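In what follows, a structure is listed as structure tokens, so that the remarks can point back to it.
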Amino acid sequence: MPHNVIEGNLDSRGLKFAIIVSRFNSIITERLLGGALDALRRTGCAEGDITVVHVPGSWELPIVARELAAQKAYDGVIALSAVIRGDTPHFDYVAGEAAKGLGQIAAQTGVPVAFGVLTTNTVEQAVDRAGAKSGNKGFDAAMTAVEMANLMKQLRSK
Ligand code: INI
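Residues in the sequence shown are numbered from 1 upward in steps of one, following the working numbering.
Next comes the structure, spelled out in structure tokens:
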């Protein structure tokens, strides 16, 4: 007897997504948002099923992600920001809390939260990951959200 395989597909028709995007480093995050919207549109998501929420910075992502996930109105949440290392330990606190908070919210609420948070040492590395040499991590995060939303739906329908 063949084994059972469960995996999420990349069809976002009929699914609802919230994208949270930070204004900090907006030159980067606007590109991440463009990538995420491109992924959702190209996988079939209707414009009216996409909600974009702007926050000041990465630090504010978890509280907003928790609120959106608790509303149970979205099949997935996509968090987009860029934390770029400076000369102080500030980077570690902001990036660490964003990562920990977003992970906990997904695990606690059961709503997939895609981690589209760039953590880089330089602006150039961030640019590379926001539509230049290394693709667009906003696009990748949205594709992950689509796959996870479909996977969770399948698991719940069993
Ligand atoms: N927020 C970011 O999204 N990226 C950063 O690189 C960053 N740095 O370096 O400070 C940053 N700080 C702001 C922070 O997210 C909060 O908005 C702020 O501390 C107010 O709570």
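Quick reminder that beta carbons are idealized off the backbone N, C-alpha and C, glycines included.
All values reported here derive from a predicted model rather than from experimental measurement.
I'd like the span of the beta strand (DSSP E) that includes residue i, first residue to last.
i	result
leucine 118	113-120
phenylalanine 17	17-22
glycine 76	76-84
According to DSSP, what are the bridge partners of residue i?
i	result
asparagine 136	Ala130
threonine 189	Look at the range of the chain in this structure, 1 to 158, and you will see that residue 189 is not part of it.
isoleucine 50	Phe17
glutamate 55	The sequence given here places valine at residue 55; glutamate does not occur at that position. For valine 55, which the question treats as bridged, DSSP gives the partners Ser22.
Does the Cβ of residue i have 16 or more other Cβ atoms within 10 Å, making it buried, or fewer, making it exposed?
i	result
serine 157	exposed
glycine 135	exposed
glutamate 147	buried
glycine 86	exposed
aspartate 75	buried
asparagine 4	exposed
leucine 118	buried
threonine 88	exposed
arginine 13	exposed
alanine 46	exposed
aspartate 92	exposed
asparagine 25	buried
threonine 43	buried
isoleucine 6	exposed
asparagine 9	exposed
Say yes only if the C-beta of residue i is nearer than 7 Å to one or more non-hydrogen atoms of the ligand ATP, and no if none qualify.
i	result
alanine 36	Among the ligands in the structure shown, the ligand ATP does not appear; only the ligand INI can be found there.
Return the first residue and the last residue of the alpha helix (DSSP H) that residue i is part of.
i	result
valine 64	61-70
lysine 100	90-109
serine 26	26-42
Is any beta-carbon of chain B found at less than 8 Å from that of residue i?
i	result
threonine 122	The structure shown contains no chain B; it is built from a single protein chain.
Residues near the ligand INI, criterion Cβ-heavy atom distance below 6 Å: Ser22, Phe24, Asn25, Pro56, Gly57, Ser58, Trp59, Glu60, Ser81, Ala82, Val83, Ile84, Gly86, His90, Phe91, Val94
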